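Peer 1: Protein sequences, first through last, are from chains A and B. Take 673 as the starting number for the first sequence in my numbering and just add one per residue. Take 9 as the starting number for the second sequence in my numbering and just add one per residue. Dropping the structure in here first, questions after.
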Amino acid sequence: MAQLISLGSLKAPTSAAKMRASLAKSGCASSSCGSSDGPADMSPEMWERVKDHPCYSEEAHHYFARMHVAVAPACNIQCNYCNRKYDCANESRPGVVSERLDPDQAVKKVIAVANEVPQLSVLGIAGPGDACYDWRKTKETFERVSKEIPDLKLCLSTNGLALPDYVDEIADMAIDHVTITINAIDPEIGAKIYPWVFYDHRRWTGVEASRILLERQMLGLEMLVARDILVKVNSVMIPGINDAHLIEVNKAVKEKGAFLHNIMPLISDPAHGTHFGLTGQRGPTPMEVKALQDKVEGGTKLMRHCRQCRADAVGILGEDRGQEFTMDQLPETVSYDPARREEYRSVVATVRGEHAATKEAAKADLAEVRDAPVLLVAVATRGGGRINLHFGHAQEFQVFEVSPGGVTFVGHRKVEQYCHGGHGEERAFDGIVETLQGVSTVLCAKIGEAPKDRLEKVGIKASDAHAFDWIEAGIAAWYAAEYGTQPAMLTA
Amino acid sequence: MAYKIIKSQCTVCGACEFECPNAAIKFKGDTYIIDQDKCTECEGHFDAPQCVAVCPVPDTCVPA
């Protein structure tokens, strides 16, 4: 499990970081060429709304944490990738929870987490059923949490069928972020994904079911946009069913004013007992997901950092501390103490400025590079925007694309941890190699000679020369060293 | 004329509770149960029993 970066480590930047910050001051001083996910590509008002939401801002997901409370178990549709009987603590995907909560328990849990996890900025309700269909519990939870912790952002996720009925209440409660899962805008394709929906007191099946669902989703999307609520559209990429079609979905939701589109891979396994799992429907490979995401880039802004988390996840994206906060571990009574969250926010404000400056510096470094290939680089990180995790401890790699034009985040790839108590796992290594398909280089805080040699044999370079650098700066420095003239200031 | 819930199949999602037009379904202990005296199989209300129509697990809300 990825660990949260400590306040202490954030307060004391490494010397490498300081040097990069000073490099930034002497180099590109323009503030108008920021990263694709920073303030540069959106209005200051919009940035203010998304900058602390890890799911709506790639930049924010390095610093802020979300928690989901599983208060909404009832659902009004059936999806072929979902099995509502499935409950497993070790399984990480949407719709799965270990412990359902009533609103009373949820409020207690949120306060306990807010006291312990200073990174917490968002409370989401994402099921395990549907947050809008199970509205009574969703609403009560949000209202009561808001009274206790007024600055916590509220966010919900829905299939959209019941959404239009509650848009006004959503707006009244100042829920600023709503996610709708839209897998198809063609009911014929939808019918292959949704066997039935329950609407207007009856169960609908086939194309008709998908037509009703689509109409309600589009109506809900329009109503939210009209009330200036930010909408993220999630789409599950299902090879052979809706993969090519998602280009059309992207166009449609962009036209309707969705803020963000998140294309995520189908998670499918016979052991999950889902329809797709049992029929052998495969999920896409990481490279297939990336190819599709690249095709629709330029449409609605794309989310590439989704971790498809559980409906009871707690922590920064990519980690889940839910097991630390089960009801049996919570004290009888809890009261909210804002001190740690406030302190964390003030520290992050400073660190973020530094991180942004190093991204600019990275661009300046890359300007030195000519005629170099476009490459994928996998980074081992425990958060905070730095290359700060051992290769063997990584449970996921963040993948960046680097070219003379810049460094951009393209996604993350989950792997089985290679190193357990000092020795490597053979099986895990093979899995990592497969997962890193298309990646040319791994940057990490530390890597042993054995795994390094083995990676080299399959054509993947690995380096810990940029340990603890900011990610973008480290990648740019590595790239410049490989393909360009290395600026003198770059050595950390 | 009434329905019952097969406990071993039930996911305890509660969708049936708020679709029931007779308020016949309640959470009791660790599962939902249908009050046989209140259940009308939705006759006079809807074309089909609501608990059956909304339940995510086949053959879980069945004639008693």
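For every residue, glycine included, the Cβ atom is placed at its ideal position computed from N, Cα and C. From a predicted model like this one, the values you see are computed outputs, not experimental measurements.
Of the residues that make up the region 717-750 of chain A, which ones have a beta carbon closer than 8 Å to any beta carbon in chain B?
Peer 2: Answer in chain order: P745, A746, C747, N748 and Q750.
Peer 1: Counting only Cβ-Cβ distances shorter than 7 Å, please list the residues of the region 41-55 of chain B near chain A, keeping chain order.
Peer 2: Listed in sequence order: F54 and D55.
Peer 1: How would you write the range of the beta strand (DSSP E) that C59(B) sits in, first residue to last?
Peer 2: Indexing the second sequence from 1 puts residue 59(B) at position 51. Run containing C59(B): none in the beta strand (DSSP E); it sits in the alpha helix (DSSP H), Q58 to V62.
Peer 1: Rounded to a whole number of angstroms, what is the C-alpha to C-alpha distance between D1136(A) and S16(B)?
Peer 2: The residue you call residue 1136(A) lines up with position 464 of the first sequence. The residue you call residue 16(B) lines up with position 8 of the second sequence. Rounded to the nearest angstrom, the two C-alpha atoms are 53 Å apart.
Peer 1: Who are the near neighbours of D1076(A) in its chain, counting only those whose CB is closer than 6 Å to its CB and skipping five residues on each side?
Peer 2: Along the first sequence, read from residue 1 onward, the residue named residue 1076(A) stands at position 404. Note on identity: in this sequence residue 1076(A) is Pro, with Asp being the wrong assignment. Correct list, in chain order: L1038, V1041 and A1044.
Peer 1: Alpha carbons only, please: which of K819(A), N752(A), N906(A) and I857(A) is nearest the one belonging to L828(A)?
Peer 2: Mapped onto the first sequence, residue 828(A) falls at position 156. The candidate whose alpha carbon is nearest that of L828(A) is N906(A).
Peer 1: Using a beta-carbon distance below 8 Å, is G801(A) in contact with chain B?
Peer 2: Position 129 of the first sequence, counting from 1, holds the residue named residue 801(A). Chain B, which has a Cβ nearer than 8 Å to the Cβ of G801(A), makes this yes.
Peer 1: Just the C-alpha distance for K683(A) and Q889(A), rounded to the nearest angstrom, thanks.
Peer 2: Indexing the first sequence from 1 puts residue 683(A) at position 11. Indexing the first sequence from 1 puts residue 889(A) at position 217. Here the model assigns K683(A) a pLDDT of 47, short of 50, so the residue's position is not dependable and the matter cannot be decided.
Peer 1: Quick check: H740(A) and R1024(A), are their CB atoms within less than 8 Å of each other?
Peer 2: By one-based count along the first sequence, residue 740(A) stands at place 68. By one-based count along the first sequence, residue 1024(A) stands at place 352. No; because the gap between Cβ atoms is not below 8 Å, this pair is not in contact.
Peer 1: Output needed for R1126(A): all residues of its chain with C-beta closer than 7 Å, excluding positions within five of it in sequence on either side, in chain order.
Peer 2: Taking the first residue of the first sequence as 1, we reach residue 1126(A) at position 454. Here the set comprises F1101.
Peer 1: Counting only runs of 3+ residues fully inside the region 1075-1144 of chain A, write out the beta strand (DSSP E) ranges in chain order.
Peer 2: You should have 1078-1086, 1113-1115 and 1133-1135.
Peer 1: When you compare the CB positions of H733(A) and L989(A), do they come within less than 8 Å of one another, or not?
Peer 2: In the first sequence, counting from the first residue as 1, residue 733(A) sits at position 61. In the first sequence, counting from the first residue as 1, residue 989(A) sits at position 317. Cβ distance < 8 Å, so H733(A) and L989(A) count as in contact.
Peer 1: Rounded to whole angstroms, what's the CA-CA distance from R1099(A) to T998(A)? Just pull it up for me.
Peer 2: Here residue 1099(A) refers to the residue found at position 427 of the first sequence. Here residue 998(A) refers to the residue found at position 326 of the first sequence. Distance between the alpha carbons of R1099(A) and T998(A) is about 32 Å.
Peer 1: When DSSP labels each residue in this structure, what does F54(B) get in the three-state scheme?
Peer 2: Taking the first residue of the second sequence as 1, we reach residue 54(B) at position 46. Residue state, collapsed to three classes: coil.
Peer 1: Would you report the Cα separation of R1054(A) and C727(A), rounded to the nearest angstrom?
Peer 2: Position 382 of the first sequence, counted from the first residue, corresponds to residue 1054(A). Position 55 of the first sequence, counted from the first residue, corresponds to residue 727(A). If you take the alpha carbons of R1054(A) and C727(A), they lie about 17 Å apart.
Peer 1: Hey, L1048(A) and G1110(A) are a contact pair by Cβ (cut 8 Å); roughly how many whole angstroms apart?
Peer 2: As a working note, residue 1048(A) is residue 376 in the first sequence. As a working note, residue 1110(A) is residue 438 in the first sequence. Right, the Cβ-Cβ distance comes to about 5 Å (below 8 Å), so this counts as a contact.
Peer 1: Sort out for me which residues DSSP pairs H933(A) with in a bridge.
Peer 2: In the first sequence, residue 933(A) corresponds to position 261, counting from 1. Paired residues: V905(A) and L974(A).
Peer 1: Does S698(A) pass the burial test, meaning 16 or more other C-beta atoms within 10 Å, or should it be called exposed?
Peer 2: Against the first sequence, residue 698(A) aligns to sequence position 26. The predicted model places S698(A) with a pLDDT of 35, which falls under 50 and marks its position as unreliable; any figure quoted below should be read in that light. Label assigned to S698(A): exposed.
Peer 1: Using a Cβ-Cβ distance cut-off of 8 Å, determine whether P57(B) contacts chain A.
Peer 2: The residue you call residue 57(B) lines up with position 49 of the second sequence. Closer than 8 Å: no.
Peer 1: Relative to the alpha-carbon of K973(A), which residue among P937(A), K926(A), H947(A) and R979(A) has its alpha-carbon at the smallest distance?
Peer 2: Within the first sequence, the letter at position 301 stands for residue 973(A). Minimum Cα distance to K973(A) is reached at K926(A).
Peer 1: Considering only residues of the same chain and omitting the five flanking positions on each side of R875(A), which have a CB-CB separation below 7 Å?
Peer 2: For the purposes of this step, residue 875(A) is taken as the residue at position 203 of the first sequence. Same-chain partners within the cutoff: W868.
Peer 1: If we define contact as Cβ-Cβ less than 8 Å, is A761(A) a contact residue for chain B?
Peer 2: On the first sequence, residue 761(A) is found 89 positions in, with the first residue counted as 1. Caution is warranted here: a pLDDT of 48 is assigned to A761(A), below 50, making its placement in the model unreliable, and the coordinate value is therefore given only provisionally. Not an interface residue.
Peer 1: Got a sec? Which residues, its chain only, sit under 8 Å from Q58(B) by beta carbon, not counting five neighbours each side?
Peer 2: Reading the second sequence from its first residue, position 50 is the one you call residue 58(B). Cβ neighbours of Q58(B) beyond the five flanking positions: C24, E27, C28, P29 and C50.
Peer 1: Between Y11(B) and H1092(A), what straight-line distance do the alpha-carbon atoms span, to the nearest angstrom?
Peer 2: The count along the second sequence starts at 1 and reaches residue 11(B) at position 3. The count along the first sequence starts at 1 and reaches residue 1092(A) at position 420. The straight-line gap from Cα to Cα measures roughly 53 Å.
Peer 1: Using 8 Å as the threshold, is the region 1061-1076 of chain A in touch with the region 995-1010 of chain A, meaning 3 or more CB pairs across them?
Peer 2: Touching, no, given that fewer than three Cβ pairs across the two stretches are closer than 8 Å.
Peer 1: Just the chain A side, please: which residues come within less than 8 Å of P71(B) by C-beta, in chain order?
Peer 2: Here residue 71(B) is taken as the residue at index 63 of the second sequence, counted from 1. Result: empty, since nearest Cβ-Cβ is about 17 Å, beyond 8 Å.
Peer 1: So, using beta-carbon positions, are Y753(A) and T946(A) closer together than 8 Å?
Peer 2: Within the first sequence, residue 753(A) is the residue found at index 81, counting from 1. Within the first sequence, residue 946(A) is the residue found at index 274, counting from 1. Yes, they are a contact pair.
Peer 1: If I'm right that A744(A) touches G832(A) with Cβ under 8 Å, what's the distance once you round it to whole angstroms?
Peer 2: Against the first sequence, residue 744(A) aligns to sequence position 72. Against the first sequence, residue 832(A) aligns to sequence position 160. About 14 Å separates the two Cβ atoms, so there is no contact after all.
Peer 1: How big is the Cα-Cα spacing for K873(A) and F54(B)?
Peer 2: Locating residue 873(A) in the first sequence gives position 201, where the first residue counts as 1. Locating residue 54(B) in the second sequence gives position 46, where the first residue counts as 1. According to the sequence displayed, residue 873(A) carries His and not Lys. H873(A) and F54(B): Cα-Cα distance of roughly 7 Å.
Peer 1: To the nearest angstrom, how far is the alpha carbon of A688(A) from that of H1138(A)?
Peer 2: Stepping through the first sequence from its first residue, residue 688(A) is reached at position 16. Stepping through the first sequence from its first residue, residue 1138(A) is reached at position 466. Only weak support is given to the placement of A688(A): the predicted model assigns it a pLDDT of 48, under 50, and the value that follows is read from those uncertain coordinates. Rounded to whole angstroms, A688(A) to H1138(A) spans 9 Å at the Cα level.
Peer 1: How would you label T1022(A), buried or exposed, when you count the other beta carbons within 10 angstroms and need 16 or more for buried?
Peer 2: The residue labelled residue 1022(A) in the question sits at position 350 within the first sequence. Result: exposed.
Peer 1: To the nearest angstrom, how far is the alpha carbon of C63(B) from that of H944(A)?
Peer 2: Stepping through the second sequence from its first residue, residue 63(B) is reached at position 55. Stepping through the first sequence from its first residue, residue 944(A) is reached at position 272. If I take the Cα positions, the gap works out to 19 Å.
Peer 1: Could you pull out every residue in the same chain whose Cβ sits closer than 7 Å to the Cβ of M1171(A), ignoring the five residues on either side in sequence?
Peer 2: There is simply no residue 1171(A) to check, as chain A begins at 673 and stops at 1164 in what is shown.
Peer 1: Please state whether DSSP places H873(A) in a helix, a strand or coil.
Peer 2: Mapped onto the first sequence, residue 873(A) falls at position 201. Three-state DSSP puts H873(A) in coil, outside helix and strand.
Peer 1: Can you tell me which of A1050(A), A1036(A) and S1018(A) puts its alpha carbon nearest to the alpha carbon of G1156(A)?
Peer 2: Your numbering for residue 1156(A) matches position 484 in the first sequence. Of the listed residues, the one whose Cα sits closest to G1156(A) is A1036(A).
Peer 1: The alpha helix (DSSP H) spanning F35(B) covers which residue range?
Peer 2: Within the second sequence, numbered from 1, the residue matching residue 35(B) stands at position 27. Segment I33 to K36 is the beta strand (DSSP E) holding F35(B); no alpha helix (DSSP H) there.
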